[in-house]
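Engineer:
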Amino acid sequence: MKRLFKHFSLWFALLYLLPVGIAAGIWFSETKPMSWRHADWSSSGQLAGKPSDEAEIRVYTARAGRYKGIVAVHSWLLVKRQGARTYDRYEVVGWGNPVRHNAYVPDARWYSNEPELLTLVRGDKAQALIPEVLEAIKSYPYSGRGTYQAWPGPNSNTFIAHVLDEVPAIGAVLPPTAVGKDYPVDGHIIARTADGFRISAGGLMSLTLGLRSGFELNLLGLVAGFDILRPALKLPGIGRIGLPTT
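Residue 42 in this note's numbering sits at position 60 of the sequence shown, and the numbers go up by one each step.
(1) In whole angstroms, what is the alpha-carbon distance linking Gly128 and Asn200?
(2) So Asp89 and Leu29 are in contact, right, with Cβ under 8 angstroms, and what is the actual spacing, rounded?
(3) Using the beta-carbon count (16 or more within 10 Å), is Asp164 buried or exposed?
(4) Runs of 3 residues minimum, wholly inside the segment 194 to 222: which ones carry the beta strand (DSSP E) assignment?
(5) Is the Cβ-Cβ distance between Val205 and Pro218 less than 7 angstroms?
(6) Spatial neighbours of Ser195 within its chain, please: CB distance less than 7 angstroms, with the 5 preceding and 5 following residues excluded, ordered by chain position.
(7) From the DSSP secondary-structure annotation, give me the bridge partner or partners of Leu59.
(8) Quickly, what does DSSP pair Ala6 with across the bridge? List them, please.
(9) Looking at the unbroken beta strand (DSSP E) that takes in His83, where does it start and where does it end?
(10) Could you compute how far the alpha carbon of His(-11) sits from the alpha carbon of Pro1?
(11) Around the C-beta of Asn84, are 16 or more other C-beta atoms found within 10 angstroms, so that it is buried, or is it exposed?
(12) Between which two residues does the alpha helix (DSSP H) harbouring Arg(-15) extend?
(13) Measuring alpha carbon to alpha carbon, tell me which residue in Arg91, Tyr124 and Gly192 is nearest Pro150.
(14) For Ala143, which residues of its own chain have a beta-carbon under 6 angstroms away from its beta-carbon, when the five flanking residues on both sides are left out?
(15) Using the beta-carbon count (16 or more within 10 Å), is Leu100 buried or exposed?
(16) Glu98 to Ala44, Cα distance in whole Å?
(17) Which value, in whole angstroms, describes the spacing of the CA atoms of Leu215 and Arg19?
(18) At which residues does the beta strand (DSSP E) containing Glu148 begin and terminate?
(19) Do Val41 and Leu59 have their C-beta atoms closer together than 7 angstroms?
Here's what the structure looks like:
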């Protein structure tokens, strides 16, 4: 038992503590706004110009604000119907009514952090999936005041993970830095995901297996694992090291 604990401690230090320490070092080496009042919430320019006539579904992530940004990202969803000239943005925040619609410009920075495009679905496929996406948004059970919890969830990543699980044809999974994505929305210990299944103990500990998710082990919200389909190592605070998901 003592030897087993020693091996576990070594792997925990290498796969969880060391990556978080590196992420913290990077975070503290950069200038960060410590208040939302001093943060930049303006457009990042990624969607500048006239949009195409095609329907689109986009999922973005950006580093969370303040110290949460060491290990976590914030995620949101954009939809644009065929022929529309504007995007509709959906996300969950930690104040007031959690589920927000067009609270920020579509490609806005989040606490001064640049957004990263996680996935893009366009054309006829996107147009066909948009009604399912909107229905999944309506079915999110934690939309009332006081239901948001930054850790272990339900939070912004729980919301987007719920939509992706309900509409698996989007073909995306959230990164390991999306703390809260493993929170069980339906309260079940075992649940299907967009590409496999998850065993979760209230989001504090979980095991996820899937074609796109690969293998993920969540300990206290920190996720480590590997992706076989697109070879990559997944580390808490750092994210993916290997082939991109898109």
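Positions of the beta carbon are idealized from the N, C-alpha and C atoms, including for glycine.
Structural biologist: Answer, in terms of the structure:
(1) 25 angstroms
(2) With a contact defined as Cβ atoms closer than 8 angstroms, Asp89 and Leu29 qualify at about 4 angstroms.
(3) buried
(4) Counting only runs of 3 or more, we get 196 to 201, 204 to 209 and 214 to 217.
(5) yes
(6) Val155, Thr175, Asp177 and Gly178
(7) Paired residues: Val41 and Tyr72.
(8) Per DSSP, none; premise fails for Ala6.
(9) First-last of the beta strand (DSSP E) with His83: Val81 to His83.
(10) Cα-Cα distance, rounded: 18 angstroms.
(11) exposed
(12) Lys(-16) to Phe(-6)
(13) The candidate whose alpha carbon is nearest that of Pro150 is Gly192.
(14) Leu156 and Lys163
(15) buried
(16) Those two C-alpha atoms are separated by around 6 angstroms.
(17) 36 angstroms
(18) Unbroken run through Glu148 is the alpha helix (DSSP H), Ser138 to Glu148; no beta strand (DSSP E).
(19) yes
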